[in-house]
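Letter 128 of the sequence shown, counting from 1, is numbered 364 in our numbering, and no numbers are missing.
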Amino acid sequence: MRFETLAIHAGGEADAATGAVTPPIHLSTTFRHGPAAERVAGYEYQREGNPTNDRLREAVAAMEGGATALTFASGMAAASNLLESLPAGARVAIPDDCYTGVRMLASEFLPARGITVDVLDMADLEAVRAACERGLDLLWVETPSNPLMKVSDIAALAALAHAHGALLLCDNTFASPALQQPLALGADIVMHSTTKYFGGHSDVLGGALAFARADEAFQRVAHRLHVTGAVLAPFSAWLTLRGCRSLPARMAMHCANARRIAEFLAAQPEVKQVNYPGLAAHPGHAVAKKQMRDFGGMLSVRLRGGRDAALAMTGALRLFTNATSLGGCESLVEHRASVEGDRPTSPQDLLRISVGLEHPDDLVADLEQALRAT
Ligand SMILES: *Cc1c(COP(=O)(O)O)cnc(C)c1O
Numbered sequence: 237m238r239f240e241t242l243a244i245h246a247g248g249e250a251d252a253a254t255g256a257v258t259p260p261i262h263l264s265t266t267f268r269h270g271p272a273a274e275r276v277a278g279y280e281y282q283r284e285g286n287p288t289n290d291r292l293r294e295a296v297a298a299m300e301g302g303a304t305a306l307t308f309a310s311g312m313a314a315a316s317n318l319l320e321s322l323p324a325g326a327r328v329a330i331p332d333d334c335y336t337g338v339r340m341l342a343s344e345f346l347p348a349r350g351i352t353v354d355v356l357d358m359a360d361l362e363a364v365r366a367a368c369e370r371g372l373d374l375l376w377v378e379t380p381s382n383p384l385m386k387v388s389d390i391a392a393l394a395a396l397a398h399a400h401g402a403l404l405l406c407d408n409t410f411a412s413p414a415l416q417q418p419l420a421l422g423a424d425i426v427m428h429s430t431t432k433y434f435g436g437h438s439d440v441l442g443g444a445l446a447f448a449r450a451d452e453a454f455q456r457v458a459h460r461l462h463v464t465g466a467v468l469a470p471f472s473a474w475l476t477l478r479g480c481r482s483l484p485a486r487m488a489m490h491c492a493n494a495r496r497i498a499e500f501l502a503a504q505p506e507v508k509q510v511n512y513p514g515l516a517a518h519p520g521h522a523v524a525k526k527q528m529r530d531f532g533g534m535l536s537v538r539l540r541g542g543r544d545a546a547l548a549m550t551g552a553l554r555l556f557t558n559a560t561s562l563g564g565c566e567s568l569v570e571h572r573a574s575v576e577g578d579r580p581t582s583p584q585d586l587l588r589i590s591v592g593l594e595h596p597d598d599l600v601a602d603l604e605q606a607l608r609a610t
């Protein structure tokens, strides 16, 4: 089955008991069992597993082309369960441009568990090779990356990692499986903040991991999730499953709108740089073209007027809401450095934009009036 069909049908079968076309939400925390705890229908307790969550897991695994998937209370719960299931002494490499939470996890929590973390430019394959040669257990990539929209070559990194006995994990949140399927390119694990494009409406927090194989690494994370308990609530699983159905259609519109905005911004005198992998001038354009179906709904822009211009522009926008997060129907903008806390890594002249599903003419008109206010 093709992606658009899987997005609607995987995990979406009519309810066997009632024929309901829309999946039911099972809120029960506990499931009736036999006198010696024999399972009646495969379930025992909600933290260990529930039918609504299982539908979403099936959908995520199918959409990523994985053997199996796990869902979590948030993207960071997925990331931390995976990283903290590594044995003490494990060596991990993360990208120099990546989600702030992953960077904080790597610097504040992993060292205390005896896990060493290297920070690498994943576009520099020689640097990655050197790290692999020093010894590596897990290579973590995020492509396109937050917020610089750097592109990493998933197939090349998978080959490097595997040649040195390491696993490759790809944070696929920005692209979504509608645009990029890392497992097919050789990655071993895909991570998602389903809070973003999967949910699609800025109203449900969640995370997921899709695994190429239902192997020992998968079992370790599944067991850790069951014991430590950062599980996705059934209502959240249901909302996210609902988001799966429209993901391909929404992504097509996000991409078209983002391309239009990237091209508009790139032509404006106030703009120093537009980071959008769909632009031919983007350093990762060729790799993005090779591994993505389209270039996504996220971009960042740097202004010639520096921090002051960036703050003036965000303040003057009317349709774009000043807010963090991404992947919803409404367009959002944020001065990333201000959101990153006391040690920001983003340039002060940079705005990150999550392009929504409004009419592109309205979005461009709003950007135009706000640029003139800088
Ligand atoms: C939001 C995000 C995360 C973290 O996910 P939460 O659901 O907020 O915990 C991780 N990676 C990327 C790329 C994200 O955008």
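Cβ coordinates follow ideal geometry from the N, Cα and C atoms, glycine included.
Taking 6 angstroms as the cut-off, is the C-beta of residue i nearer than that to any heavy atom in ligand 2?
i      : result
Gly465 : In the structure on display, ligand 2 does not appear, and the ligands it does have are ligand 1.
Using only the alpha-carbon positions, how far apart do residue i and residue j sit?
i      : j      : result
Pro331 : Thr379 : 10 angstroms
Leu607 : Met528 : 30 angstroms
His518 : Ala414 : 21 angstroms
Gly465 : Asn289 : 14 angstroms
Arg238 : Gly248 : 15 angstroms
Arg540 : Val507 : 6 angstroms
Arg481 : Asn493 : 20 angstroms
Pro418 : Gly278 : 31 angstroms
Ala420 : Ile390 : 10 angstroms
Leu441 : Ala315 : 14 angstroms
His428 : Asn408 : 6 angstroms
Thr610 : Ala326 : 48 angstroms
Ala299 : Leu242 : The identity of residue 299 in the sequence shown is Met, whereas the question assumes Ala. Those two C-alpha atoms are separated by around 6 angstroms.
Pro617 : Glu566 : It is not possible to answer for residue 617, since the shown part of the chain is limited to 237 through 610.
Pro580 : Ala399 : 35 angstroms
Ser438 : Thr476 : 11 angstroms
Thr430 : Arg478 : 12 angstroms
Gly255 : Asn286 : 19 angstroms
Ala297 : Leu599 : 34 angstroms
Phe531 : Pro513 : 6 angstroms
Ala573 : Ala485 : 32 angstroms
Glu294 : Leu319 : 23 angstroms
Leu562 : Met534 : 8 angstroms
Lys432 : His459 : 26 angstroms
Val328 : Cys334 : 14 angstroms
Arg456 : Ile351 : 16 angstroms
Gly520 : Ile497 : 18 angstroms
Leu322 : Gly577 : 28 angstroms
Gln509 : Arg495 : 14 angstroms
Arg349 : Gly337 : 17 angstroms
Ser343 : Ala250 : 45 angstroms
Please classify residue i as buried or exposed, where buried requires at least 16 neighbouring CB atoms within 10 angstroms.
i      : result
Gly451 : A quick correction: the sequence has Asp, not Gly, at residue 451. Classification for Asp451: exposed.
Pro470 : buried
Ala617 : The displayed coordinates of the chain run from 237 to 610. Any statement about residue 617 would go beyond what the structure contains.
Leu263 : exposed
Phe345 : exposed
Glu570 : buried
His490 : buried
Gly401 : exposed
Ala273 : exposed
Pro271 : exposed
Ser381 : buried
Lys184 : The chain is shown from 237 up to 610; residue 184 falls before or after that span and cannot be answered.
Pro505 : exposed
Asp424 : buried
Asp585 : buried
Thr307 : buried
Thr258 : exposed
Glu605 : The amino acid occupying residue 605 in the given sequence is Gln; Glu does not appear at that position. Exposed, by the Cβ-count rule.
Ala411 : buried
Arg449 : exposed
Can you list, in chain order, the residues of its chain with a C-beta nearer than 8 angstroms to that of residue i? Leave out the 5 residues immediately preceding and following it.
i      : result
Asp602 : Leu553, Arg554, Leu555 and Phe556
Val276 : Phe267, Arg268, His269 and Gly270
Pro347 : Val353
Pro583 : Arg538 and Ala573
Within its chain, find whatever has a CB closer than 6 angstroms to the CB of residue i; leave out the 5 residues flanking it on each side and keep chain order.
i      : result
Met358 : Pro331, Val377 and Ser388
Arg588 : Pro383, Ser536, Glu570 and Arg572
Asp373 : Ala326, Arg327 and Ala402
Strictly by DSSP, which residues pair up with residue i?
i      : result
Arg538 : Gln509 and Leu586
Tyr281 : Thr266
Ala305 : Ala446
Met427 : Asp407 and Leu445
Trp376 : Leu405
Arg327 : Thr352
Thr557 : Leu568
Arg275 : His269
Output needed for residue i: all residues of its chain with C-beta closer than 7 angstroms, excluding positions within five of it in sequence on either side, in chain order.
i      : result
Leu356 : Ala329, Pro331, Asp332, Ala363, Val364 and Ala367
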